[in-house]
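J.: In the working numbering, each residue carries its 1-based index in the sequence shown increased by 193. The C-beta atom is built at its ideal place from N, Cα and C for all residues, glycine as well. From a predicted model like this one, the values you see are computed outputs, not experimental measurements. Starting off with a structure, shown below.
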Amino acid sequence: MKNNNKSRREFLLTCSKALPAAAGLVFMPYATGQLLLKAQESEGYDPTQHNYAMGVDIHKCIGCGRCADACKKENLVPEEPYYFRTWVERYRINLEGEAIVDSPNGGIDGFPEPAGSEEEILRSFFVPKLCNHCANPPCVQVCPVGATFTSRDGVVLVDETYCVGCRYCVQACPYGARYIHPEKQVADKCTFCYHRIVKGLLPACVEVCPTQARVFGEVGLRSSPLRRFLRFNDVTVMKGSLNTKPKVYYAGADGEVR
Numbered sequence: 194m195k196n197n198n199k200s201r202r203e204f205l206l207t208c209s210k211a212l213p214a215a216a217g218l219v220f221m222p223y224a225t226g227q228l229l230l231k232a233q234e235s236e237g238y239d240p241t242q243h244n245y246a247m248g249v250d251i252h253k254c255i256g257c258g259r260c261a262d263a264c265k266k267e268n269l270v271p272e273e274p275y276y277f278r279t280w281v282e283r284y285r286i287n288l289e290g291e292a293i294v295d296s297p298n299g300g301i302d303g304f305p306e307p308a309g310s311e312e313e314i315l316r317s318f319f320v321p322k323l324c325n326h327c328a329n330p331p332c333v334q335v336c337p338v339g340a341t342f343t344s345r346d347g348v349v350l351v352d353e354t355y356c357v358g359c360r361y362c363v364q365a366c367p368y369g370a371r372y373i374h375p376e377k378q379v380a381d382k383c384t385f386c387y388h389r390i391v392k393g394l395l396p397a398c399v400e401v402c403p404t405q406a407r408v409f410g411e412v413g414l415r416s417s418p419l420r421r422f423l424r425f426n427d428v429t430v431m432k433g434s435l436n437t438k439p440k441v442y443y444a445g446a447d448g449e450v451r
């Protein structure tokens, strides 16, 4: 059985590499996505009754990095540097209006002042980032085997049993939110802690935030904390001009945030 699986993976990988870029072909996700979703659902959970999204209040983020640390532990993200499902960036705006952005170890270890920095900083702030779980996700469109798909409750997921590690989705994501797992050799990313939310729990990053800078909820539900967040804040989305229709909404993000 292992040899058959290996042969199948190698065959699919070869096929994905052979796809002519000029052809512009798009493969639609198929049944494997639904099988994975069914396996992850808890008893009595109906995904068609939910539509999840997240809000981030930049004014409240203090750059503590607890969200990134909790995410790594909850989802067993590789400990090596540069592997994150969510991370925090520091934006430092100088007198010329230029943005200097850094994120040492995803923000987990804090943000020390850069050595030898003599540049005057007008202001600074922190921006948590993650997969935007787009309603029009380019990662889903380019996946040649249907491994990346959108669940019925609006979460973009990856079926590891079908992913061939071709990296098409990594390149297609405009938010830099995907990576290839160094051991599994498959695409990995934020899932909104899907294994938690189907049980009525919050994503780990939301649960540990000491300032409630992250808000999780449902787009169309009037009692959802996300609905209140969207109502009382002037929100924007990252790279909205790309028409990916992101479902992570930011309050307090100005022109420097990208």
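Could you check what DSSP says for Phe425 in three-state terms: helix, strand or coil?
T.: Three-state DSSP puts Phe425 in a helix.
J.: Would you say the region 345 to 355 touches the region 325 to 332, given that touching needs at least three Cβ pairs under 8 Å?
T.: Yes: the two stretches touch, three or more of their Cβ pairs being nearer than 8 Å.
J.: For Arg278 versus Pro403, is the C-beta distance shorter than 8 Å?
T.: Not closer than 8 Å, so no.
J.: Is the separation between the beta-carbon of Val294 and that of Glu306 shorter than 8 Å?
T.: No.
J.: Pop quiz: Cys452 and Phe319 are said to be a contact at Cβ under 8 Å. What is the actual Cβ separation, rounded to whole angstroms?
T.: Any question about residue 452 goes unanswered here, given that the chain covers just 194 to 451.
J.: Do you know offhand how far Thr437's Cα is from Glu267's?
T.: Going from the Cα of Thr437 to the Cα of Glu267 covers about 28 Å.
J.: Which same chain residues, not among the five before or five after Gly410, have their C-beta less than 6 Å away from its C-beta?
T.: Counting only Cβ-Cβ distances below 6 Å, and skipping sequence neighbours, we find Ser417, Pro418, Leu419.
J.: Which first and last residues belong to the beta strand (DSSP E) in which Pro321 is found?
T.: 314 to 323 is the span of the beta strand (DSSP E), which, as asked, contains Pro321.
J.: Identify every residue that forms a DSSP beta bridge with Arg360.
T.: Answer is none; Arg360 lacks a bridge partner.
J.: Drop a sphere of 10 angstroms on the beta-carbon of Thr343, count the other beta-carbons inside from all chains shown, and report buried for 16 or more, exposed for fewer.
T.: With 16 or more Cβ atoms within 10 Å of its Cβ, Thr343 is classed as buried.
J.: Would Pro337 and Leu435 qualify as a contact pair, given that the criterion is a beta-carbon distance under 8 Å?
T.: For Pro337 and Leu435, no; Cβs fall outside 8 Å.
J.: How would you call Asp262, buried or exposed, if buried means at least 16 neighbouring beta carbons within 10 angstroms?
T.: It is buried - the Cβ of Asp262 has at least 16 other Cβ atoms within 10 Å.
J.: Let me confirm a value: Tyr245 is counted as buried when at least 16 other C-beta atoms fall within 10 Å, else exposed. Which label applies?
T.: Buried, because 16 or more other Cβ atoms sit within 10 Å of the Cβ of Tyr245.
J.: What beta strand (DSSP E) runs, 3 residues minimum, are completely inside the region 373 to 411?
T.: You should have 407 to 411.
J.: For Glu282, which of helix, strand or coil comes out of DSSP?
T.: The answer is strand: DSSP assigns Glu282 an E or B state.
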